[in-house]
Amino acid sequence: EDKVVQSPLSLVVHEGDTVTLNCSYEVTNFRSLLWYKQEKKAPTFLFMLTSSGIEKKSGRLSSILDKKELFSILNITATQTGDSAVYLCAVVSNSGYALNFGKGTSLLVTP
Amino acid sequence: EAGVAQSPRYKIIEKRQSVAFWCNPISGHATLYWYQQILGQGPKLLIQFQNNGVVDDSQLPKDRFSAERLKGVDSTLKIQPAKLEDSAVYLCASSVTSGGTDTQYFGPGTRLTVL
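Residue numbers (my numbering), protein chains in the order written: chain A, 1 to 111; chain B, 112 to 226.
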C-alpha cells in the first residue's frame, strides 16, 4: 500500500525564521510529488516535482526531490504570518493518477 | 479563469438522512476527483472520473456513497444514509487530463456535519 509520511506534524516559529518541512514516501510506480498549501478549505498548488535534484523555487518557497532516498523537503525562508497553514504533500503513481496525501504539517508563524 | 465551484459550502444533517454535493470543474478539464478530508487528515480519494467514465472508485463506500458525472462536466456526490463518521470536508478537484503530471485544482469544499 502506498504511504506518504510528513514531519513534523506541527510547528510553531517566529516571523523571519526559516523552516524545513519533510515528506517521505513509499509508492509503487512513482510519477510525481506535489506540495499544496491549505489555509481554510481548498488546497492551493505550490510545486510539482518529478525529477531528483532539481530545485523548484517560488519566492521564499523552494522544494527538492530525492527519488533515491524517497523524500522531498519544502523550505520557507523569512517566514511571515501569512505562511501559517497546513502544508500537504501528495504523491502520484502511474497506476491511478489520483493524489495520495500525507496528513500534513500544520505551521504557525507568530509575530 | 473561473475555478472549481462547489455547493453547498456547509451542510448539517442528522444521521440516516441523505445529502448531495455538487461540483462544477474548471472549463475544459476532463478529469474530476472527489476527496474526503476528515479533520486532522490529508484528503482521501473517493472517486475519479475521466469525462463521464469512472477511472477509480476503489475507496468509495458503495453501500452508501454514489457519484455521477452524466455529461462529462458537472458532478454530484450523494450519501444515503449518512453516518456520524461521514462528517468531513468533501473536496472536488479537476485537471486537464489524467496523465498524472497535470496539476489538480481544488474547489472550496463542502463541510458536512452529521449529528
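Note that the Cβ used here is the ideal one computed from N, Cα and C, for glycine as well.
Query                                                                                                                                                                  : Result
Determine the DSSP secondary structure at A:Leu34, reduced to helix, strand or coil.                                                                                   : strand
Given 8 Å as the limit, is there contact between the region 136-145 of chain B and the region 39-55 of chain A, that is, 3 or more CB pairs closer than that?          : no
Taking Cβ positions only, does B:Thr214 come closer than 7 Å to chain A?                                                                                               : yes
Measuring alpha carbon to alpha carbon, tell me which residue in B:Ser129, B:Ala113, B:Arg127 and B:Cys134 is nearest B:Pro119.                                        : B:Cys134
Go ahead and label A:Asn100 buried or exposed: buried means 16 or more other beta carbons lie within 10 angstroms of its beta carbon, across all protein chains shown. : buried
Thinking C-beta only, is A:Leu21 closer than 7 Å to A:Leu74?                                                                                                           : yes
Along the chain, where does the beta strand (DSSP E) containing B:Leu188 start, and where does it finish?                                                              : Ser186 to Ile190
Can you tell me which of A:Asn94, A:Gly59, A:Leu88 and A:Tyr25 puts its alpha carbon nearest to the alpha carbon of A:Thr79?                                           : A:Gly59
Scan the region 90-105 of chain A for residues whose Cβ lies nearer than 8 Å to a Cβ of chain B and list them as they occur along the chain.                           : Ala90, Val92, Ser93, Asn94, Gly96, Tyr97, Ala98, Leu99, Asn100, Phe101, Gly102, Lys103 and Gly104
How far does the beta strand (DSSP E) with B:Lys117 in it reach, from first residue to last?                                                                           : According to the sequence as given, residue 117 of chain B is Gln; it is not Lys. Start and end: Ala116 to Ser118.
Counting only beta-carbon separations shorter than 7 Å, does A:Leu88 have a partner in chain B?                                                                        : yes
If we define contact as Cβ-Cβ less than 7 Å, is B:Gly183 a contact residue for chain A?                                                                                : no
Expressed to the nearest angstrom, what Euclidean distance is found between the alpha-carbon atoms of A:Thr105 and A:Gln38?                                            : 10 Å
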